[in-house]
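The opening position of the sequence shown corresponds to residue 20 in my numbering, with each subsequent residue numbered one higher. C-beta: ideal position from N, C-alpha, C; glycine also. Keep in mind the model is a prediction, meaning the values are calculated, not measured.
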Amino acid sequence: MNASLSELPPAFDATLRAHGLHLPRTRLEILQVNVGKRCDLACTHCHVEAGPKRTEMMQAATVERILELLADAPTVHTLDLTGGAPELNPHFRTLVRGARALGKRVIDRCNLTVLFTPGQADTAQFLADEGVNVVASLPCYTAENVEHQRGQHVFEPSIRALQLLNTLDYSQPGSALELDLVYNPVGPFLPPPQAKLEADYRRELGTRFGITFNRLFTITNMPIKRYLHALERDGRLAAYRQTLLDAFNPQAALGVMCRNLLSVSWDGQLHDCDFNQALEIPLGGTPRTLWTLQRLDEVESLPITFADHCYGCTAGAGSSCGGALA
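Put into structure tokens, the structure is as follows:
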């Protein structure tokens with residue numbers, strides 16, 4: 020059952036005004052691209068509802084257009100690839116090679132288990148050869164919590180994938196190859212302090228499995244799509260929304276990722292962020308695609324469209340694709 024209007028938080032725009040906050044877009048620095056919704060997993064917290072049965076996949080023409088625009092975008096230093104499992108897109112390597120040839124930093128948001136799926140035997144080596152930074156999802160350092168969120172028999176291959184990346188020089192002394200981990204809470208609560216949790220991960224993964232990594236990012240679960248349905252099913256949606264509202268942090272709001280990021284969907288539609296993309300909220304309130312732009316920096320003059328799920332990015336220490344904000 021959907022939440023009643025009385026259970027909804029105040030409009031996010033109103034909360035910003037109440038705190039005297041105005042959040043214009045800044046210089047565009049990050050292009051985040053969802054290359055498709057197919058994934059070998061179907062995690063309970065997934066806000067794009069990715070899974071093995073999804074067929075949406077970015078086509079070659081869209082990849083070509085992204086590279087054309089990146090070639091004329093000097094302020095955009097990072098191409099951030101998401102999914103689904105981005106590696107399952109048949110044009111993934113073309114996009115990576117093209118962006119690296121342009122001198123862009125490339126991030127692959129990897130679920131780890133995909134590295135052992137059919138056809139991916141050399142993917143880890145490819146990522147290392149191309150100097151791709153890996154941001155890997157690992158919601159805990161224990162099997163029970165990982166498999167509660169991501170499904171049975173996921174923990175062991177996740178650990179093997181991290182060990183494999185370490186053998187390829189990821190997160191090793193003197194190496195430029197970065198391996199970052201992502202934590203999502205397994206329940207309707209905020210992440211613990213990022214620095215403390217990172218220390219716990221470093222100790223447990225190092226002691227038990229010999230794994231090293233660069234940083235841990237804590238990301239709040241957004242009450243949208245698959246996670247919204249789970250909260251509704253368990254009767255915990257209103258309480259979780261209240262948790263996010265009560266933890267609103269003006270300092271975190273100043274650093275929200277939508278200010279310097281452009282989100283591109285698998286079919287070339289443009290959005291303020293990955294969450295707005297999942298909800299099909301268009302950039303600037305009007306549908307736009309890669310083909311309606313002459314240059315990527317045209318978006319800098321457009322207002323950001325906020326909605327109630329934005330409380331997830333501004334709760335507590337804040338949450339972005341790069342972890343805590345404050």
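Based on Cα-Cα distance, which residue from the options lies nearest to residue i?
| i | options | result |
| --- | --- | --- |
| Q51 | C292, P306, V318, A297 | C292 |
| I300 | V153, F232, A326, R73 | A326 |
| I126 | T305, A334, R112, P192 | R112 |
| P71 | A79, R84, K56 | K56 |
| R73 | E83, N108, L98, H41 | N108 |
| M76 | C329, L344, S284, T333 | S284 |
| D141 | R128, T97, L184, L100 | L184 |
| H66 | A214, A30, L250 | L250 |
| V54 | D219, D199, A80, P211 | A80 |
| H64 | H167, L264, R128 | H167 |
| A214 | D99, A345, S190 | A345 |
| M346 | D219, R221, R222, L264 | Residue 346 lies beyond the range of the chain shown here (20 to 345); nothing can be said about it. |
| G337 | N130, A37, P212 | P212 |
| A343 | F228, T239, P176 | T239 |
Excluding five sequence neighbours on each side, which residues of the same chain lie with their C-beta closer than 8 Å to the C-beta of residue i?
| i | result |
| --- | --- |
| T94 | R46, L47, E48, D316 |
| G304 | P322, T324 |
| S25 | Legend: pLDDT at S25 = 38, less than 50; position of this residue unreliable, value from coordinates given subsequently. Taken in chain order, the list of residues that qualify is empty. |
| I243 | H66, F294, A297, L298, H328 |
| T97 | E48, I49, L50, K123, R124, V125, I126 |
| E217 | R234, L235 |
What does the alpha-carbon distance come out to for the pair residue i and residue j?
| i | j | result |
| --- | --- | --- |
| L60 | A104 | 8 Å |
| N188 | Q182 | Looking at the sequence provided, one finds Asp at residue 188 rather than Asn. Spanning the two alpha carbons is a distance of roughly 10 Å. |
| V154 | D253 | 30 Å |
| S282 | Q296 | 7 Å |
| T34 | A272 | 11 Å |
| L137 | C62 | In the sequence as displayed, the identity of residue 137 is Pro instead of Leu. Answer to the nearest angstrom: the Cα atoms are 20 Å apart. |
| Q270 | H110 | 39 Å |
| I348 | A120 | Summary: the structure shown does not reach residue 348, with the chain confined to residues 20 through 345, and so no result is reported for it. |
| N233 | R169 | 23 Å |
| Q171 | H248 | 20 Å |
| L312 | S339 | 26 Å |
| V82 | G117 | 9 Å |
| P204 | L280 | 24 Å |
| G102 | E68 | 10 Å |
| L40 | I178 | 42 Å |
| M276 | T186 | 32 Å |
| L42 | D91 | 26 Å |
| Q144 | G193 | 18 Å |
| Q346 | L100 | For residue 346 there is no data in the structure shown, the boundaries of the chain being 20 and 345. |
| F228 | Q139 | 23 Å |
| A257 | P306 | 31 Å |
| Q78 | R222 | 42 Å |
| G274 | T333 | 9 Å |
| L134 | E163 | 21 Å |
| P176 | C58 | 15 Å |
| R245 | H38 | 31 Å |
Assuming the contact rule is C-beta atoms closer than 8 Å, residue i and residue j should be a hit. Round their C-beta distance to whole Å, please.
| i | j | result |
| --- | --- | --- |
| A147 | L196 | 6 Å |
| G341 | F236 | 6 Å |
| T226 | A180 | Going by Cβ atoms, the distance from T226 to A180 rounds to 19 Å, so no, they are not a contact pair. |
| L157 | V165 | 7 Å |
| Y14 | F31 | Residue 14 cannot be examined here, being either before or after the span of the chain that is shown, 20 to 345. |
| L198 | Y220 | No, L198 and Y220 are not in contact; Cβ-Cβ is about 12 Å, not under 8 Å. |
| R278 | R44 | 6 Å |
| E106 | C129 | 7 Å |
For residue i, which beta-bridge partners are listed by DSSP?
| i | result |
| --- | --- |
| S156 | V201 |
| F236 | V201 |
| Q288 | T308 |
| D127 | L100, V153 |
| L50 | L98, L281 |
| G70 | R57 |
| E342 | The residue asked about is misnamed: residue 342 is Gly in this sequence, not Glu. S339. |
| A334 | F267 |
| M76 | G55 |
What residues in its chain sit with their C-beta under 6 Å from that of residue i, if we drop five residues either side in the sequence?
| i | result |
| --- | --- |
| R255 | P207 |
| L4 | Residue 4 falls outside the range modelled here, since the chain spans only 20 to 345, and no answer is possible. |
| L88 | L315 |
| L309 | R84, G287 |
Closer than 7 Å by C-beta to residue i: which residues in its own chain qualify, once you throw out the five before and the five after it? Chain order, please.
| i | result |
| --- | --- |
| G335 | L209, A266, N268 |
| L302 | L289, H290, D291, V318, L321 |
Quick check: does the Cβ of residue i come within less than 7 Å of any heavy atom belonging to the ligand MG?
| i | result |
| --- | --- |
| S320 | The ligand MG is not part of this structure, which contains no ligands at all. |
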